[in-house]
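Worksheet for the structure shown next.
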Amino acid sequence: MGPRMRSVWQGSIGFDDIGVPVRAYVATGERRSGLVQVHTTDGGRVRYRRVCEADGAEVPRGEVGRGVLTGGGTSGEVAVLDDDDLAALDPPTARTMRIESFLRPADLDPVHVAGHYYLEPAPDDPGAVTPYVLLVEALRLAERVALVKVTMNRGERLGVLVPRDQLLVLRTLHWPAQVRTPDFPFLHDDVELRLSQVRAAATMIEELTGPYEPEAFSDDYAAALDRLVAAKVEGGDVLRPSAPAGDERVARLLRLLTEAAQSARRDVPAQRETEPEVAPARD
Numbered sequence: 065m066g067p068r069m070r071s072v073w074q075g076s077i078g079f080d081d082i083g084v085p086v087r088a089y090v091a092t093g094e095r096r097s098g099l100v101q102v103h104t105t106d107g108g109r110v111r112y113r114r115v116c117e118a119d120g121a122e123v124p125r126g127e128v129g130r131g132v133l134t135g136g137g138t139s140g141e142v143a144v145l146d147d148d149d150l151a152a153l154d155p156p157t158a159r160t161m162r163i164e165s166f167l168r169p170a171d172l173d174p175v176h177v178a179g180h181y182y183l184e185p186a187p188d189d190p191g192a193v194t195p196y197v198l199l200v201e202a203l204r205l206a207e208r209v210a211l212v213k214v215t216m217n218r219g220e221r222l223g224v225l226v227p228r229d230q231l232l233v234l235r236t237l238h239w240p241a242q243v244r245t246p247d248f249p250f251l252h253d254d255v256e257l258r259l260s261q262v263r264a265a266a267t268m269i270e271e272l273t274g275p276y277e278p279e280a281f282s283d284d285y286a287a288a289l290d291r292l293v294a295a296k297v298e299g300g301d302v303l304r305p306s307a308p309a310g311d312e313r314v315a316r317l318l319r320l321l322t323e324a325a326q327s328a329r330r331d332v333p334a335q336r337e338t339e340p341e342v343a344p345a346r347d
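Under our numbering, think of the first position of the sequence shown as 65, with each following residue one higher.
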């Protein structure tokens, strides 16, 4: 895995009375474009602040908590929840990824997939590797995935365990209520297609089908953005925003301290020249 990734969940895969200790790691990451929001007149970064609606004051991070608007948000009241309140809600799936059933991969609607996590047998448990590999190979041979319930990121959700090479991948799923129902006008129209047209299109798709080789593709937008920024820099078409007030005070303090130190070093020789020599003591 290269540099050691940080686990985001620790627990076990539970099936009947068997538990396989595992750790979960986020499997994907977005490449940041580098684009940030700036003030177009001077290039200063645009920042967002945490402001309380009640008094308009900026809220320190340590005073930001969680709460629920009661009455559907119409009562004007808020139930504030602290960490102890939320910890008391942890269900059994907080530490156990419980297998509920097994599915055919084709039965899984890809729209329901929310995230991907690599699962590693707990490295501090020497007995975790064998049952882990057994589960991987059994799922592969049966051509099934395991449907599980697990609590991650302050919420309980469904997921599936999918074998990938020698590894288990957890795909978390959206709950049905979180998946929007598509309703587009063309779905209600009767579209007439000739069978010969469909067969011709299918034949063409089969002829163009090949292995998935992601290395053969590149992020053209990111490359174009890099070229654009390089051209801006080379042409001098950039802004140098002034430092924030706090940074200016720090820079000014450093300048004053530097000037004072240089002045002190200049004064030392002069003081030594005016100091009277002390005659050596005689026995």
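Cβ atoms here follow ideal geometry from the backbone N, Cα and C, with glycine treated the same way.
- For residue 260, the enclosing alpha helix (DSSP H) stretches over residues 259-271.
- Pairing residue 96 with residue 177 gives a Cβ-Cβ distance that is not under 7 Å.
- Contact annotation: residue 129 and residue 144 have beta-carbon atoms nearer than 7 Å.
- Sixteen is the threshold: when 16 or more other Cβ atoms of the shown chains lie within 10 Å of the Cβ of residue 184, as they do, the residue is buried.
- For residue 276, the three-state secondary structure derived from DSSP is coil.
- In this structure, DSSP gives residue 182 an extended state, which the three-state scheme calls strand.
- Residue 123 is positioned such that its CB atom lies closer than 7 Å to that of residue 114.
- Shown here for residue 99: same chain residues with a beta carbon closer than 8 Å to its own, the five before and five after excluded, namely 289 in chain order.
- In this chain, the beta strand (DSSP E) harbouring residue 145 covers 142-145.
- Per the C-alpha coordinates, the member of 173, 149, 187 positioned closest to residue 75 is 187.
- The closest CA to that of residue 118, considering only 132, 275, 140, is found on 140.
- If one requires a minimum length of 4 residues, the alpha helix (DSSP H) runs lying completely within the stretch 85-166 are 147-151, in chain order.
- Here the C-alpha atom of residue 82 lies approximately 14 Å from the C-alpha atom of residue 212.
- Spatial neighbours of residue 157 in its own chain (CB-CB distance under 7 Å, excluding positions within 5 residues in sequence) are listed in chain order as 213, 214, 215, 220.
- DSSP lists 88 as the bridge partner or partners of residue 73.
- Secondary structure note for residue 304: it is in no beta strand (DSSP E), with a DSSP letter that is neither H nor E.
- Three or more Cβ pairs closer than 8 Å define a contact, and the stretch 190-199 falls short of that threshold against the stretch 244-255.
- Residue 167 is positioned such that its CB atom lies no closer than 7 Å to that of residue 200.
- Residue 78 places its beta carbon less than 7 Å from that of residue 162.
- In the structure shown, residue 323 falls within a helical segment according to DSSP collapsed to helix, strand and coil.
- In the assembly as shown, residue 73 is a buried residue. Its beta-carbon has 16 or more other beta-carbons within 10 Å.
- Residue 218 and residue 116 have their C-alpha atoms spaced approximately 24 Å apart.
- According to the DSSP assignment, residue 204 belongs to the alpha helix (DSSP H) that extends over 193-206.
- Counting along the chain, residue 291 sits inside the alpha helix (DSSP H) bounded by residues 284-298.
- Around the beta-carbon of residue 206, fewer than 16 other beta-carbon atoms lie within 10 Å, marking it exposed.
- Taking a contact as a CB-CB distance under 8 Å, the pair residue 227 and residue 251 does not count as one, their CB atoms being some 35 Å apart.
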